[in-house]
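Positions 9 to 444 (our numbering) are the ones given, in order, by the sequence shown.
All residues carry an ideal CB built from backbone N, CA and C; glycine is no exception.
Source: prediction; values computed, not measured.
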Amino acid sequence: MPSGFVFLLIALFGVHQYATYPTQRDKNLPINDQVQEYLDALDSTNWLENSNKIGIGYNPLYGTPVCYTGSCQMEGFGRSIFKLNYLRPKPGTCTQKLIPENVDLDCLPSTTWDANTESISTLHELHESITNKVDAAGSGTYSTASFSYKTSVQTRYMVDNIVKKNTTTMQTTAQISYVKLSMFEPTMELSDPFKYVINNLPCCNYDADTEEYIYDYILNYFGYTYLSTILLGGIAQENVLINTESYQKMQANGLDIVNEAKAEFFITMGAKQQYTYNKNTHDEFMTRVQEKHVTTLGGDTSLTSIEQWSKTVPSNPVIIKFSLQSIFNLLNQVRFPNDSLIQNKSVLIAHALHNYLNDPAYCYNNCTGHGTCVPSPYFQFGICNCTERYSGVDCSIPKLIPASQITSRPAASSGTICVLYSVQFVILLFSTFVFI
């Protein structure tokens, strides 16, 4: 064998984070096949789309697993915490694309779809809508800081609609499942950047410099959880926004709002599937709609027919649900055998994370100085409890105080008394007369 060819092969096996050294099976292959398999693994077009998101870091403070605005940029996703090796397809599965080693693939192809509609008009309903799309049972990461109003674009958009604009969102979703990827962490190696950051963490005094290091290079760069399981597929959804008072009146009049929202989804998506509704009733319902947003994620998003779009999902699947695990499960002597201070570092990171998440609740305009901010159980968001003379979501609207509630003053001989509580108040004028 020419020595130059051997040198080329050796050089290839160390140039890419997704490459790996040949296994015993590889060594039994002809050298040409070994090189071809290696080059195929380097070509990301041979990977299963978005399979490289398994083992990626995630920051629940910034992220939201649901796209409400229609313009989503994968907020919350960080850098890869695990090293992924792409070698060959999984035999006997529904795809010939490469997936990472030590990652199981379950085929869940959907040949049919159905639409589900949910109503979101309270912070609790929004929280339920979000948390149904992510499983964090084993991560110990949920807190009122998850999907924070202050840092999550999607959360802020929805909370403002609920609280500021007094609107109810009817979200209708059709989900197409394709494959489920599950990693087996004990046999997977940590990524070089993650190991480098942990190895170089200053230890073991907690001070401002240590906190800044953890914030910048661990929590903001990677996150404090990682994706251990991902479900890939596609989502078609429509959000219909209605004034909450109008919504309640329609409910009181017996209108099936869920049925009307679902009917609008079928119409918008050009669905061939039959859906029964009354056109006159539906037209009346649509006059109450303030906004409508349609979003497709995965597949060929240029297609307007949901039947045609659903067939393209396997060619471009996206994450539609995922499970989280805590990075603290990785900070141990097994993963860092040469770091005698790894447990101390884990304590430092836990301390920093507590401070990182322990931000006061956000209230609109800090209640304008006319009330107190009462934290809600969700999203690091608070509700203003206004003083008796102010109202509004930020306590900025002065109330008109009836004359009967105004503290009486000594009567004047004659003339006019002006009561002025602030420049924003209505000036209350009344006259008093003294009879002799």
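Review point. Who are the Cβ neighbours of D143 in its own chain at under 8 angstroms, not counting the five residues just before and after it?
Key: For D143, where only same-chain residues beyond five positions count, the Cβ hits under 8 angstroms are T237, K329, F330, S331 and L332.
Review point. D217 lies in the alpha helix (DSSP H); which residues open and close that run?
Key: Residue range A216 to I222 is occupied by the alpha helix (DSSP H) that includes D217.
Check your understanding: Is the CB-CB distance between Y214 and L339 below 8 angstroms?
Key -> Against a cut-off of 8 angstroms, the Cβ pair of L339 and Y214 comes out as no contact.
Point to revise | Exposure of R164, with buried meaning 16 or more beta-carbon neighbours within 10 Å | key: Burial check for R164: the Cβ neighbour count within 10 Å reaches 16 or more, so the residue is buried.
**Study point:** Where P194 falls, given that 16 or more other Cβ within 10 Å makes a residue buried
**Key:** So P194 ends up on the exposed side.
Review point. Applying the criterion that 16 or more other CB atoms from any shown protein chain within 10 Å of the CB defines a buried residue, is F230 buried or exposed?
Key: F230 is buried by the Cβ-count criterion.
Point to revise | Contacting residues, own chain, Cβ-Cβ under 6 angstroms from H359 (five flanking each side not counted) | key: If we look at H359 and ignore the five residues flanking it on each side, its Cβ neighbours are Y214.
Practice item. Check L113 in the structure and name its three-state DSSP category. Key: Looking at L113 - three-state DSSP - the assignment turns out to be strand.
Practice item. Work out the CA separation of S79 and V187 for me, nearest whole Å. Key: For the pair V187 and S79, the Cα-to-Cα distance works out to about 24 angstroms.
Exercise for review: Please report how far the alpha carbon of Y76 lies from the alpha carbon of T380, in whole angstroms.
Suggested key: Distance between the alpha carbons of Y76 and T380 is about 30 angstroms.
Practice item. Keeping to the same chain, check which residues put their C-beta closer than 6 angstroms to that of C211; ignore five residues upstream and five downstream. Key: The answer, listed in chain order, is L349, N352 and K353.
**Study point:** Nearest-angstrom Cα separation, counted from E272 out to D264
**Key:** Using only the alpha carbons, I get a separation of about 13 angstroms.
Practice item. Starting from L240, follow its DSSP beta bridges and name the residues at the other end. Key: As DSSP reads the structure, L240 sits in a beta bridge with V187 and I327.
Review point. Taking the continuous beta strand (DSSP E) assigned at L106, which residues delimit it?
Key: Its beta strand (DSSP E) spans residues L106 to P108.
Practice item. Output yes or no for whether 8 angstroms exceeds the beta carbon distance between K280 and E253. Key: In this structure, E253 does not lie closer than 8 angstroms to K280 by Cβ.
**Study point:** The beta strand (DSSP E) enclosing I391, as first and last residue numbers
**Key:** For I391, the enclosing beta strand (DSSP E) has its first and last residue at G390 to C394.
Check your understanding: DSSP on Y29, reduced to helix/strand/coil?
Key -> Low confidence applies to Y29: its pLDDT is 49, below 50, so where it sits in the model is not reliable, and the reading given next is rough at best. Here DSSP, grouped into helix, strand and coil, assigns Y29 to coil.
Check your understanding: Going by the beta-carbon positions, is the gap between G65 and Y204 smaller than 8 angstroms?
Key -> Judged by their CB atoms, G65 and Y204 are not nearer to each other than the 8 angstroms cut-off.
Point to revise | Reduced DSSP secondary structure (H/G/I, E/B, other) of T233 | key: It is a strand residue.
**Study point:** Segment contact flag, the stretch 301–317 with the stretch 98–117, C-beta cutoff 8 angstroms, min 3 pairs
**Key:** The stretch 301–317, when compared against the stretch 98–117, does not touch it at the 8 angstroms Cβ threshold.
**Study point:** Assigned secondary structure, N54 (DSSP; H/G/I helix, E/B strand, else coil)
**Key:** It is helical.
Point to revise | Residues near L227 by beta carbon distance below 6 angstroms, same chain, minus five either side | key: Y364, listed in sequence order.
Practice item. Per DSSP, which residues does T304 bridge with? Please list them. Key: Per DSSP, A244.
Review point. Quick one, which of I138, N60 and K91 has its alpha-carbon nearest Y386's?
Key: Residue I138 is the option with its Cα nearest to Y386.
Review point. For T320, which residues from the same chain have a beta carbon less than 7 angstroms from its beta carbon, with the 5 sequence-adjacent residues on both sides left out?
Key: Result list for T320: G307, D308 and L311, in chain order.
Exercise for review: Give the DSSP bridge partners of N124, in chain order.
Suggested key: Its beta-bridge partners are T181.
Review point. Mind checking T177: buried by the 16 CB within 10 Å criterion, or exposed?
Key: By the beta-carbon neighbour count (other beta carbons within 10 angstroms, threshold 16), T177 is buried.
Exercise for review: Can you give me the Cβ contacts of E268 inside the same chain, cut-off strictly under 6 angstroms, excluding the 5 residues immediately before and after it?
Suggested key: Around E268: H290 and F293.
**Study point:** Coil, strand or helix - E197 by DSSP
**Key:** It is coil, neither helix nor strand.
Review point. Would DSSP call Y66 helix, strand or coil?
Key: Strand, per DSSP.
Review point. With C371 and C394 assumed to form a contact (beta carbons below 8 angstroms), what rounded beta-carbon distance in angstroms separates them?
Key: The pair is not a contact, with the Cβ atoms about 11 angstroms apart (cut-off 8 angstroms).
Review point. Taking the alpha carbon of K300 as the point to measure from, which residue in N208, V248, L95 and P368 has its own alpha carbon closest?
Key: Comparing Cα positions, the closest option is V248.
Check your understanding: Count the other CB atoms within 10 Å of the CB of R417; is the residue buried (16 or more) or exposed (fewer)?
Key -> With a pLDDT of 49 at R417, under the threshold of 50, the modelled position of this residue cannot be trusted, and the question is left open.
Practice item. Report all residues from its chain with a CB closer than 6 angstroms to the CB of E246; omit the five preceding and five following residues, and keep chain order. Key: Take E246, set aside five residues on each side of it, and the residues of its chain with a beta-carbon closer than 6 angstroms to its own are T180, F273, T276 and V302, in chain order.
Check your understanding: Terminal residues of the continuous beta strand (DSSP E) containing R96?
Key -> Going by DSSP, R96 is part of the beta strand (DSSP E) stretching over Y94 to P97.
Review point. Does DSSP classify L134 as helix, strand or coil?
Key: In the three-state reduction of the DSSP assignment, L134 falls in the helix class.
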